[in-house]
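To start, the structure itself, in structure tokens.
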Amino acid sequence: MNELMPRLESVFRDVFDDPRLAIVPATTASDVSGWDSLTNINLIFAIEREFKVRFALGEIQELGNVGEMLALIRKKQSHDV
Amino acid sequence: MQLPKELRFPVAAEAVLRKRAWLRRELLNQTGLLPVRIAILGGSTTQEIRSILELFLLAQGIQPSFYESAYGAWYEEAMFESAELWSFKPDIVFVHTTWHNVARFPDLLQPEAEVEQLARAEMARFEAFWKKIHEGLGAVIIQNNFDLPRLRPLGNLEAAESSGRVNFLLRLNAGFAKYAATHSRFLIDDILYLSAQTGLSQWFDTRYWFSYHMAVSPVGTVALAQNVAAIIKSVYGKTKKCLVLDLDNTLWGGVIGDDGLQNLVLGRDHPEGEAFAGFQRYVQGLRARGVLLAVCSKNDLENAREGFSHPDTVLKLDDFSAFKANWNPKPQNIREIAAELNIGLDSLVFVDDNPAERAIVAAQLPEVAVPEVGSDVSLFAEALEREAYFEPFKIVRDDLDRAAYYAGNMQRSQYESAFGSYGEFLASLEMTAEIGPFLPVYMERIAQLINKTNQFNLTTRRYTVAEVEVIANDPASITLYGRLADKFGDNGLVSVVIGKVHGQAVEIDVWLMSCRVLKREMETAMFDALVEECRARGVREILGVYIPSRKNGMVAEHYGALGFCRLEDGPDGRTLWSYRVPPVGSPRAAHIRRREHPAAILANA
Chain A
1 MNELMPRLES VFRDVFDDPR LAIVPATTAS DVSGWDSLTN INLIFAIERE
51 FKVRFALGEI QELGNVGEML ALIRKKQSHD V
Chain B
82 MQLPKELRFP VAAEAVLRKR AWLRRELLNQ TGLLPVRIAI LGGSTTQEIR
132 SILELFLLAQ GIQPSFYESA YGAWYEEAMF ESAELWSFKP DIVFVHTTWH
182 NVARFPDLLQ PEAEVEQLAR AEMARFEAFW KKIHEGLGAV IIQNNFDLPR
232 LRPLGNLEAA ESSGRVNFLL RLNAGFAKYA ATHSRFLIDD ILYLSAQTGL
282 SQWFDTRYWF SYHMAVSPVG TVALAQNVAA IIKSVYGKTK KCLVLDLDNT
332 LWGGVIGDDG LQNLVLGRDH PEGEAFAGFQ RYVQGLRARG VLLAVCSKND
382 LENAREGFSH PDTVLKLDDF SAFKANWNPK PQNIREIAAE LNIGLDSLVF
432 VDDNPAERAI VAAQLPEVAV PEVGSDVSLF AEALEREAYF EPFKIVRDDL
482 DRAAYYAGNM QRSQYESAFG SYGEFLASLE MTAEIGPFLP VYMERIAQLI
532 NKTNQFNLTT RRYTVAEVEV IANDPASITL YGRLADKFGD NGLVSVVIGK
582 VHGQAVEIDV WLMSCRVLKR EMETAMFDAL VEECRARGVR EILGVYIPSR
632 KNGMVAEHYG ALGFCRLEDG PDGRTLWSYR VPPVGSPRAA HIRRREHPAA
682 ILANA
């Protein structure tokens, strides 16, 4: 999980255009200013491309915070290998 | 400003989407942006389109303000005159419909006659909608044609059977194209092509459709936004005019000065030779529809010219309106090309396989567009296409004849040196002008000139075709267009004057002229016609204003030269001028004979 975090943080920084944005596993949408439905589309798209994974339709809706997102990315990556 | 690399060829859709907030911030640092009001009427979700379209418009120097219809309400908002839409007063209405918005597809095995009737009914629905927008909002319409469904329950029969969906959508697309051919303020955004270019499985992503009702995926949205921005750019005359080409390893393989004509790689029997010939054919296609061509090459002139005698050359020497082959730095040659052709540096696109030459031109002449074409000739045309530098608004007759005028210009300037005085030269040109109030047949060309002319333009005010039509029909307007012909050819419609009459004075709102007829007395002939018109209407005073821009320095003294009195200097460097119309007088343009205006001919018939 540790080596994924800096890359995920860099995605967040680009999407929310904030070079100092810091995220932790407990971060949720309400902690990040500008995280609305449009930026969420953008965020999920950028994560898919950054980590070369593809989320299924239902998976995205179930995510509660950054930690769960990381876990999902890891799960997807291990499946792909 | 040099555009961020994300927005230049080759555009990386992923980077554009991910870094859009930063890109927007960067682009908003520009000054002098052209404000444009755009209503997006969507048959599906449009937020993503708006967000990316804004970036590509800012990249073209256009600052959009947007209106978005309620979700899926493209049709209702126009037909029932949504108050918000009407009060927004869009300049442009972009109708983002896709195949999902077709009202009804044919039933399986429905007979051909009924399918045809169904297609006509769908066309009638769209036509009523377009008419409502044109008449109620006066906006230019950019309308998606139809993409194809990603899934084919009927398999190949979707195309082959007349009741198939592919078959039906292609019929509608043909109907849309027919409508575009007869309506000047109606432009097609060809998403059938865009979806094919992107790949249907990339263009439409079921997850985005089911989650957000986005009929086009994020990656498809980037292609769509870039294309719509190119169309809008063309509406505002921001299309490039001239393609400047290097020779060695750009138009043919090899170095003609070293390798000799017979060893050039060009044409048959060699894959690379075919590719160079292919690029030449593409360039010739651009020329055929009015893009000027110029050569800028480090070569001896003799050698450079000899290249065009190669048996497999597609381009010929007389395809070029300017030809610079010497050992001077390319930025200097490119400046001279712009001066010779009387066009701004920002109308030029420079293609060179050599990255060092591209870098020096981009650095020294930031106005010139320098695409990153790489060094592989098979991608040169692709780079030009994707940047959509030459996206035409509508091709008008004058575009097709433009290269011929410039060729005539070369003859004219050679001719000029053979005369004792400039007056003798002008007399020998046997010029005739047709000058009169705007005619419907010329509206598009007039709007094109209003939006493209930068140098000989007193006020740089821009109007759409719709606005020009309104002005032409206003009895308080004086409108004049001028066409100029001479013994070398017809220069086409080259000058426009618009005045607003208030009581006994007329205020000049627009006065412009194409630089291709500079120093030909045409401005004086237009002045004569304006004075005549004033006398006919009992107007006693002509008020002129010169509003300085970055490019119109050449007309700062225009009114002074015509004998206007300088009244005062306004803010931002503008100057105000007045001319008292004498009750009688004779025309001043001594070397231009007036031809009868078609309206006058019709009136006398």
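First to last, the sequence lines map onto chains A and B.
Numbering-wise, the first sequence is residues 1 to 81 according to the working numbering.
Numbering-wise, the second sequence is residues 82 to 686 according to the working numbering.
Heads up, the beta-carbon is just placed ideally off N, CA and C, and yes, glycines get one too.
Would you call the CB atoms of N42 (chain A) and L139 (chain B) closer than 8 Å?
-> What you label residue 42 (chain A) is simply residue 42 of the first sequence in a count that begins at 1. What you label residue 139 (chain B) is simply residue 58 of the second sequence in a count that begins at 1. Here N42 (chain A) is not near L139 (chain B), since their CB atoms are 8 Å or more apart.
Residue closest to D17 (chain A), alpha-carbon to alpha-carbon, out of A:S33, A:P25, A:A29, A:L4 = Taking the first sequence and counting its residues from 1, one reaches residue 17 (chain A) at position 17. With distances taken between Cα atoms, D17 (chain A) lies closest to A:S33.
Assign S502 (chain B) to one of two classes, buried (16 or more other C-beta atoms within 10 Å of its C-beta) or exposed (fewer than that).
-> On the second sequence, residue 502 (chain B) is found 421 positions in, with the first residue counted as 1. Exposed, since its Cβ has fewer than 16 Cβ neighbours within 10 Å.
What are the start and end residues of each continuous alpha helix (DSSP H) run of 4 or more residues lying completely inside the segment 255-293 of chain B, in chain order?
-> 272-279, 281-284, 287-293
With a Cβ-Cβ cutoff of 8 Å, do Q529 (chain B) and G318 (chain B) count as a contact?
-> Counting from 1 along the second sequence, the entry for residue 529 (chain B) is found at position 448. Counting from 1 along the second sequence, the entry for residue 318 (chain B) is found at position 237. Cβ atoms of Q529 (chain B) and G318 (chain B): closer than 8 Å.
Can you round the beta-carbon distance between L281 (chain B) and L229 (chain B) to whole angstroms, since I take them to be within the 8 Å contact cut?
-> The residue labelled residue 281 (chain B) in the question sits at position 200 within the second sequence. The residue labelled residue 229 (chain B) in the question sits at position 148 within the second sequence. Right, their Cβ atoms sit about 7 Å apart.
Segments assigned beta strand (DSSP E), at least 3 residues, entirely inside the segment 20-63 of chain A | Entirely contained in the segment 20-63 of chain A, not one beta strand (DSSP E) run reaches 3 residues.
Those residues which DSSP pairs with A566 (chain B) across a bridge = Sequence index remark: in the second sequence, residue 566 (chain B) carries index 485 (1-based). DSSP lists B:T513, B:D571 as partners of A566 (chain B).
R702 (chain B): contacting residues in chain A (beta-carbon distance under 7 Å) | Because residue 702 (chain B) is not part of the residues shown, which for chain B are 82 to 686, the question remains open.
Using the beta-carbon of each residue, which ones in chain A are nearer than 9 Å to F137 (chain B)?
-> For the purposes of this step, residue 137 (chain B) is identified with residue 56 of the second sequence, where counting begins at 1. In chain order: nothing, as chain A lies at least about 16 Å away.
Taking only beta-carbon atoms, is P299 (chain B) less than 8 Å away from chain A?
-> For this step, residue 299 (chain B) is matched to residue 218 along the second sequence. Chain A, which has a Cβ nearer than 8 Å to the Cβ of P299 (chain B), makes this yes.
Give a yes or no on contact between the segment 429-437 of chain B and the segment 316-332 of chain B, applying the rule of three or more CB pairs nearer than 8 Å.
-> yes
Would you check if the distance between the CB atom of I312 (chain B) and the CB atom of I223 (chain B) is smaller than 8 Å?
-> The count along the second sequence starts at 1 and reaches residue 312 (chain B) at position 231. The count along the second sequence starts at 1 and reaches residue 223 (chain B) at position 142. Cβ distance < 8 Å, so I312 (chain B) and I223 (chain B) count as in contact.
Does the segment 643-660 of chain B come within contact of the segment 563-573 of chain B, defined as at least 3 CB pairs closer than 8 Å?
-> no
Interface residues of chain A facing A464 (chain B) [CB-CB closer than 7 Å] = What you label residue 464 (chain B) is simply residue 383 of the second sequence in a count that begins at 1. By Cβ distance, chain A contributes nothing, its closest Cβ being about 24 Å from A464 (chain B), past 7 Å.
Against chain B: residues of the segment 27-44 of chain A by CB proximity under 7 Å | L38, I41, N42
Please go through the same chain and pick out, in chain order, the residues whose beta-carbon is closer than 7 Å to the beta-carbon of V449 (chain B), but skip the five residues on each side of it.
-> Here residue 449 (chain B) refers to the residue found at position 368 of the second sequence. These residues qualify, in order along the chain: I415, L426, L429, F431, V442.
Evaluate A375 (chain B) with the Cβ neighbour count: other Cβ atoms within 10 Å of its Cβ, from every protein chain shown; 16 or more gives buried, anything less gives exposed.
-> Taking the first residue of the second sequence as position 1, residue 375 (chain B) is located at position 294. It counts as buried.
According to the neighbour-count rule (16 or more other Cβ atoms, all chains shown, within 10 Å of its Cβ), is L694 (chain B) buried or exposed?
-> Residue 694 (chain B) lies beyond the residue range present for chain B, which begins at 82 and ends at 686; the question has no answer from this structure.
Partner residues on chain B for A22 (chain A), Cβ-Cβ distance less than 9 Å = As a first step, residue 22 (chain A) must be located in the first sequence, where it is residue number 22. Within 9 Å Cβ-Cβ: nothing; A22 (chain A) doesn't reach chain B, min ~17 Å.
Short check: CB of R675 (chain B) to CB of I559 (chain B), under 8 Å?
-> One-based indexing of the second sequence puts residue 675 (chain B) at position 594. One-based indexing of the second sequence puts residue 559 (chain B) at position 478. For R675 (chain B) and I559 (chain B), no; Cβs fall outside 8 Å.
In the DSSP assignment, find the unbroken alpha helix (DSSP H) run with P412 (chain B) in it and report its ends.
-> As a position in the second sequence, residue 412 (chain B) is number 331, starting the count at 1. It spans 411-422 - the alpha helix (DSSP H) in which P412 (chain B) sits, taken as one unbroken run.
Closer than 8 Å by beta-carbon distance: list the chain B residues that pair up with V15 (chain A), in chain order.
-> Start at 1 with the first residue of the first sequence, and residue 15 (chain A) comes out as number 15. Residues of chain B passing the Cβ test: R99, A102.
Closer than 9 Å at the beta carbon, the chain B residues around F7 (chain A) = Counted from its first residue, the first sequence places residue 7 (chain A) at position 7. The residue you asked about is not Phe; residue 7 (chain A) is Arg in the sequence shown. Result: empty, since nearest Cβ-Cβ is about 12 Å, beyond 9 Å.
So, does the CB of R74 (chain A) fall closer than 8 Å to a CB anywhere in chain B?
-> By 1-based counting over the first sequence, the position of residue 74 (chain A) is 74. Judged by the 8 Å Cβ criterion, R74 (chain A) is not in contact with chain B.
Give the interface partners of A71 (chain A) over in chain B, defined as CB-CB distance under 9 Å, in chain order.
-> Taking the first residue of the first sequence as 1, we reach residue 71 (chain A) at position 71. Here the premise fails: no neighbours, minimum Cβ distance about 20 Å.
Cα separation between L520 (chain B) and L218 (chain B)?
-> The residue you call residue 520 (chain B) lines up with position 439 of the second sequence. The residue you call residue 218 (chain B) lines up with position 137 of the second sequence. Approximately 23 Å, taken between the alpha carbons.
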